[in-house]
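Novice: Starting off with a structure, shown below.
Protein chains: 2
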Amino acid sequence: MKYYSIGEASARLNVPESTLRYYEKKGLLPHLARDEAGRRLFSEDHLTLLGIVIYLKNTHMPISVIKQYVDWVGEGDRTIEQRLDMMKKHKQAVLAEIALMTESLKGIDKKIARYTNRTQHRAQQGNEEC
Amino acid sequence: MKYYSIGEASARLNVPESTLRYYEKKGLLPHLARDEAGRRLFSEDHLTLLGIVIYLKNTHMPISVIKQYVDWVGEGDRTIEQRLDMMKKHKQAVLAEIALMTESLKGIDKKIARYTNRTQHRAQQGNEEC
DNA sequence: ATACGACTTAAACCGCGGTTTAAGTCAACA
DNA sequence: TGTTGACTTAAACCGCGGTTTAAGTCGTAT
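Residue numbers (UniProt numbering), protein chains in the order written: chain A, 1 to 130; chain B, 1 to 130.
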């Protein structure tokens with residue numbers, strides 16, 4: 001079975017080595033093997049798990065919650081319901097956040113429209129600012 | 001012209017008073033008037049500006065950048081191009097973030113599908129985890 | 001032999017975005 | 001009169017998510 005050094009894992013997943021060490025310390029990378037010299041050995045499964053960690057992070061799941069997820073994975077099939085529940089709730093949270101951002105974008109679009117207009121026909125009145 | 005106390009502003013915009021004081025200190029609420037006793041007086045324009053601050057925050061604009069925006073507003077029409085540019089760039093950043101979250105949601109959906117299946121016909125093989 | 005590059009550790013440090021605390025002022029009400 | 005309640009300040013504190021630093025250990029190439 002192939003193993004990857006921390007440098008290789010870092011390069012493949014585009015995550016700093018310091019972050020990988022930090023994640024291991026936080027419990028996000030359990031059972032990480034070491035070679036005789038004490039160097040971390042990342043298995044394919046660890047890279048896969050890291051991929052999951054990364055997309056959970058991309059959707060703003062806190063590290064403490066990702067750790068709970070990883071712990072549940074380690075406990076095997078009897079935690080599938082909890083994991084399913086966690087993912088469903090997280091999905092709703094993500095959809096809500098996307099909705100909020102999308103809604104807030106409308107305000108930004110209004111500003112863009114206003115400013116675009118004002119740069120075109122310069123120097124009018126109607127200065128709402130401040 | 002009507003003014004609002006910090007308590008009223010807090011209630012109307014659903015932002016803690018401590019946060020409003022923090023925003024003022026950070027320069028997000030310039031020219032905030034005070035009454036004879038030194039209490040903050042929020043004008044309608046300040047509430048409007050706070051609304052803008054809030055949606056910029058909702059789209060993850062850093063406070064330092066929001067401050068730049070507010071400063072530019074205070075400098076009048078000659079900063080309209082900068083503001084337009086800022087907002088266009090910010091919009092692109094927000095769209096990129098939404099795209100990343102949306103993409104990452106696919107991984108979450110796959111997990112939900114997997115776990116839903118596994119809770120239905122329990123106890124199969126195919127345990128990829130860890 | 002030695003020097004370099006890739007790794008190790010623990011601990012300190014960082015920026016961000018607030019929140020909390022402690023002590024004080026003021027107006028209104030009982 | 002005195003005690004609430006709404007406000008003020010500066011400074012300390014917080015959780016989060018890492019990053020940086022300093023000192024050390026290897027294996028390999030010169």
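From the three backbone atoms N, C-alpha and C, an ideal C-beta is built for every residue, glycine too.
1) So for alanine 37 of chain B, helix, strand or coil by DSSP?
2) Quick one: Cα of methionine 87 of chain A to Cα of proline 30 of chain A, how far?
3) In chain A, which residues lie with their C-beta within 7 Å of the C-beta of arginine 39 of chain B?
4) By DSSP's criteria, tyrosine 4 of chain A is part of a beta bridge. Which residues make up the other side?
5) Between leucine 100 of chain B and aspartate 35 of chain B, what straight-line distance do the alpha-carbon atoms span, to the nearest angstrom?
6) Since arginine 114 of chain B is in the alpha helix (DSSP H), which residue starts that stretch and which ends it?
7) Can you tell me which of A:Gln120, A:Lys25, A:Gly76, A:Ile54 puts its alpha carbon nearest to the alpha carbon of tyrosine 115 of chain B?
8) Going by DSSP, what residue range makes up the alpha helix (DSSP H) through lysine 25 of chain B?
9) How about tyrosine 115 of chain B: is its C-beta nearer than 8 Å to some C-beta of chain A?
10) Taking the alpha carbon of leucine 28 of chain A as the reference point, which residue from A:Val65, A:His121, A:Leu13, A:Ser43 has its own alpha carbon closest?
11) I'd like to check one pair, histidine 90 of chain A with isoleucine 108 of chain B: are the Cβ atoms closer than 8 Å?
12) Tell me the rounded alpha-carbon separation between threonine 19 of chain B and methionine 1 of chain B.
13) Give the straight-line distance between the Cα atoms of aspartate 45 of chain B and arginine 78 of chain A, rounded to the nearest whole angstrom.
14) From this set, B:Gln68, B:Arg21, B:Arg118, B:Asp85, which residue's C-alpha is nearest phenylalanine 42 of chain B's C-alpha?
15) Going by C-alpha distance, which of B:Tyr3, B:Lys26, B:Ala96 is nearest asparagine 58 of chain A?
16) Mapping DSSP to helix, strand and coil, what is leucine 29 of chain B?
17) Return no unless some Cβ of chain B is closer than 8 Å to the Cβ of tyrosine 4 of chain A.
18) Quick one: measure Cβ to Cβ for leucine 84 of chain B and threonine 119 of chain A, integer angstroms, because I've assumed they're closer than 8 Å.
19) What number of angstroms, rounded off, separates the C-alpha of alanine 9 of chain B from the C-alpha of threonine 102 of chain A?
20) So which residues of chain A does valine 15 of chain B contact, with C-beta pairs closer than 8 Å?
21) Label arginine 39 of chain A either buried or exposed according to how many other C-beta atoms from any shown protein chain fall within 10 Å of its C-beta, with 16 as the threshold for buried.
22) With 8 Å set as the bound, which would you pick, yes or no: does the beta-carbon of methionine 1 of chain B sit closer than that to a beta-carbon of chain A?
23) Distance check for asparagine 14 of chain B and serine 5 of chain B, CA to CA, integer angstroms please.
24) Could you tell me which chain B residues have their CB closer than 7 Å to the CB of leucine 100 of chain A, listed as they occur along the chain?
Specialist: Let me lay it out:
1) coil
2) 20 Å
3) The premise fails here: arginine 39 of chain B is roughly 21 Å from chain A at the closest Cβ pair, so nothing lies under 7 Å.
4) A:Phe42
5) 47 Å
6) 80-120
7) A:Gly76
8) 17-26
9) yes
10) A:Val65
11) yes
12) 24 Å
13) 56 Å
14) B:Arg21
15) B:Ala96
16) coil
17) no
18) 6 Å
19) 25 Å
20) In chain order: nothing, as chain A lies at least about 15 Å away.
21) exposed
22) no
23) 14 Å
24) Asn58
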